[in-house]
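To start, the structure under review is shown below, and the notes come after it.
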Amino acid sequence: MASVFIYVSKKPSMSLEDFKAYYETKHVPLLHKLIFSHSDASPVLYYARNYHDRRANLVDPIAAAGQGQKEYLDFDCLSILKFKTLEDVQKTMAIYQEPEVSRVITDDEEQFADRSLLKMFIVEECVS
Numbered sequence: 001m002a003s004v005f006i007y008v009s010k011k012p013s014m015s016l017e018d019f020k021a022y023y024e025t026k027h028v029p030l031l032h033k034l035i036f037s038h039s040d041a042s043p044v045l046y047y048a049r050n051y052h053d054r055r056a057n058l059v060d061p062i063a064a065a066g067q068g069q070k071e072y073l074d075f076d077c078l079s080i081l082k083f084k085t086l087e088d089v090q091k092t093m094a095i096y097q098e099p100e101v102s103r104v105i106t107d108d109e110e111q112f113a114d115r116s117l118l119k120m121f122i123v124e125e126c127v128s
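Anchor point for the sequence shown: position 33 equals 33 in full-length UniProt numbering, and the numbering is continuous, going up by one each time.
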């Protein structure tokens, strides 16, 4: 199993509620239209958005992480996509990298996300 983790930060001027509303009602449907339903896309087995509610933090995330640095822990949403294989991730990412698809998605992200803080990781999952 291969996963894509995307750490997204909202624009500073947006509330978390507005960020979440835009992400769920505009950006997610756009991704489904342009990428996930594309004939060359591999099936996404799982796509979840996990919103960081700082009001719910019971511990200081910096202290809890030990030597963590704030810039690596500060995000508003962790999006997780799961695929059967790394090759499936690569096929789907190739669609994202098509110039017109990338332009439309980037333009949309500019509406709600601070793209300078966007982080994406492709990971191999090992479950025990």
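We treat Cβ as the ideally placed atom computed from N, Cα and C, and that holds for glycine.
Tell me which same chain residues have a C-beta within less than 7 Å of the C-beta of residue i, skipping the five on either side of it?
{"i": "GLU76", "result": "Checking the displayed sequence, the identity of residue 76 turns out to be Asp instead of Glu. For ASP76, where only same-chain residues beyond five positions count, the Cβ hits under 7 Å are VAL8, SER9, LYS10, LEU16, PHE19, TYR51, HIS52."}
{"i": "TYR22", "result": "GLN111, PHE112"}
{"i": "VAL89", "result": "ALA2, VAL4, PHE83, ILE122"}
{"i": "ARG115", "result": "GLU109"}
{"i": "THR85", "result": "ALA2"}
Have a look at residue i and residue j and give me their C-alpha separation to the nearest angstrom.
{"i": "ASP108", "j": "VAL123", "result": "25 Å"}
{"i": "ILE80", "j": "SER39", "result": "22 Å"}
{"i": "GLN111", "j": "SER13", "result": "11 Å"}
{"i": "ASP74", "j": "ILE6", "result": "12 Å"}
{"i": "THR25", "j": "ARG49", "result": "12 Å"}
{"i": "VAL44", "j": "SER128", "result": "22 Å"}
{"i": "GLN97", "j": "GLU125", "result": "24 Å"}
{"i": "VAL28", "j": "LEU78", "result": "13 Å"}
Might you give, ordered along the chain, the residues of its own chain that have their beta carbon closer than 8 Å to the beta carbon of residue i, omitting 5 neighbours on each side?
{"i": "LEU30", "result": "VAL104, ILE105, ASP108"}
{"i": "ILE95", "result": "LEU34, ILE35, HIS38, ASP40, ALA41, VAL101"}
{"i": "GLU87", "result": "SER42"}
Would you list the one or two residues that DSSP bridges to residue i?
{"i": "ARG49", "result": "SER79"}
{"i": "PHE5", "result": "ILE80, PHE121"}
{"i": "LYS10", "result": "ALA113"}
So is residue i in contact with chain B if we call contact Cβ pairs under 9 Å?
{"i": "LEU34", "result": "Looking at the structure shown, chain B is missing, and only one protein chain is on hand."}
For residue i, which residues from the same chain have a beta carbon less than 6 Å from its beta carbon, with the 5 sequence-adjacent residues on both sides left out?
{"i": "THR92", "result": "ALA41, SER42"}
{"i": "LYS119", "result": "TYR7"}
{"i": "LEU117", "result": "SER9"}
{"i": "TYR47", "result": "LEU81"}
At least three beta-carbon pairs within less than 8 Å, the segment 100-120 to the segment 26-42: Put simply, the segment 100-120 touches the segment 26-42. At least three CB pairs are less than 8 Å apart.
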